[in-house]
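Chemist: When the sequence shown is numbered by this note's numbering, its final residue is 485 and no position is left out of the sequence of numbers.
Every residue gets a Cβ at the ideal spot worked out from N, C-alpha and C, and that includes glycine.
Please see the structure below; I have some questions.
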Amino acid sequence: MTTKIKWADRVPQEKIRALYKSDAKNFQDSELADEVGCGFYARAESIVKVNRAHNTATAECPNCGADVVCGANLYACECGWNMTAKDYHDTYRKKQLVGGMYVFAKKFMSDWEHAGGDYSKKMLAIDSLIHEFHWHMDRFVTRPVAINFIEGKLASVWNLIIELAGYSKETYKEKMESWLKKSKDTPWLRELIEKGSLHYALLP
Ligand SMILES: [Zn+2]
Numbered sequence: 282m283t284t285k286i287k288w289a290d291r292v293p294q295e296k297i298r299a300l301y302k303s304d305a306k307n308f309q310d311s312e313l314a315d316e317v318g319c320g321f322y323a324r325a326e327s328i329v330k331v332n333r334a335h336n337t338a339t340a341e342c343p344n345c346g347a348d349v350v351c352g353a354n355l356y357a358c359e360c361g362w363n364m365t366a367k368d369y370h371d372t373y374r375k376k377q378l379v380g381g382m383y384v385f386a387k388k389f390m391s392d393w394e395h396a397g398g399d400y401s402k403k404m405l406a407i408d409s410l411i412h413e414f415h416w417h418m419d420r421f422v423t424r425p426v427a428i429n430f431i432e433g434k435l436a437s438v439w440n441l442i443i444e445l446a447g448y449s450k451e452t453y454k455e456k457m458e459s460w461l462k463k464s465k466d467t468p469w470l471r472e473l474i475e476k477g478s479l480h481y482a483l484l485p
């Protein structure tokens, strides 16, 4: 019986950066696109499953794949697998898998499934997810959702997203001003700015 629950890791920054660099040179590296896309897909799948368990107390059985509803603080599947609600919670605690970002995860999964074997469509799916991260960073005061999908500390993930946007220096200055305004009510953003952790690098 398979009883081990394993959640997908976040996607390494260097893979994403390498993909964008090769794409910018009009080189269609399908293998790299698959590595990044499948990485995001696995992570998105984990996010969707964890949020469903977290919000509706319905887990997927690691042994047979059936939906198991928690009863009396226990997940008990007909196939024999069981786990206490606390132990199940411990499998995803502090792994940045819980939150509203499951909406982005679901959308990416659908985009990726529809991309099939087409490099351009795969790239569109990935870029659309990266774009959602931007959109979220511009509009919300909560921690950027990119951190739930991409490896690294908050500041480095933030910087990567900015780098991928390819803003001109002028646009970046404008953005920084709006973040500065926003940071008055956003302790984590204020901290990043005060520490000088946010920087800007153009892709070569
Ligand atoms: Zn089962």
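1. Using a 10 Å radius around the Cβ and a threshold of 16 neighbouring Cβ atoms, would you call D466 buried or exposed?
2. Under a Cβ-count criterion, where at least 16 other Cβ atoms within 10 Å of its own Cβ denotes burial, should W416 be classed as buried or exposed?
3. Alpha carbon to alpha carbon, what distance is there between V384 and K367?
4. Between G361 and the rest of its own chain, which residues show a CB-CB distance below 8 Å, the 5 nearest in sequence each way excluded?
5. Since F321 and I407 are thought to touch, with beta carbons under 8 Å apart, how far apart are those beta carbons, to the nearest angstrom?
6. Pull up the distance between the alpha-carbon of I328 and that of L313, whole angstroms please.
7. Check whether the Cβ atoms of L445 and Y301 lie closer than 8 Å to each other.
8. At which residues does the beta strand (DSSP E) containing M364 begin and terminate?
9. Specify the secondary structure class of G352 as computed by DSSP and reduced to three states.
10. Using 8 Å as the threshold, is the C-beta distance between R298 and E432 below it?
11. Compute the distance between the beta-carbons of W288 and V317, then report whether it is under 8 Å.
12. In terms of alpha-carbon separation, which member of H412, M418, E451 lies closest to F389?
13. Are the CB atoms of L461 and I474 within a distance shorter than 8 Å?
14. Run through the segment 380 to 408 for me and flag every whole alpha helix (DSSP H) of 4 or more residues, listed as ranges in chain order.
15. Tell me the DSSP secondary structure of V426 in three-state form.
Modeler: According to the structure shown:
1. exposed
2. exposed
3. 25 Å
4. M282, N344
5. 7 Å
6. 22 Å
7. yes
8. 363 to 365
9. strand
10. no
11. no
12. H412
13. yes
14. 383 to 396
15. helix
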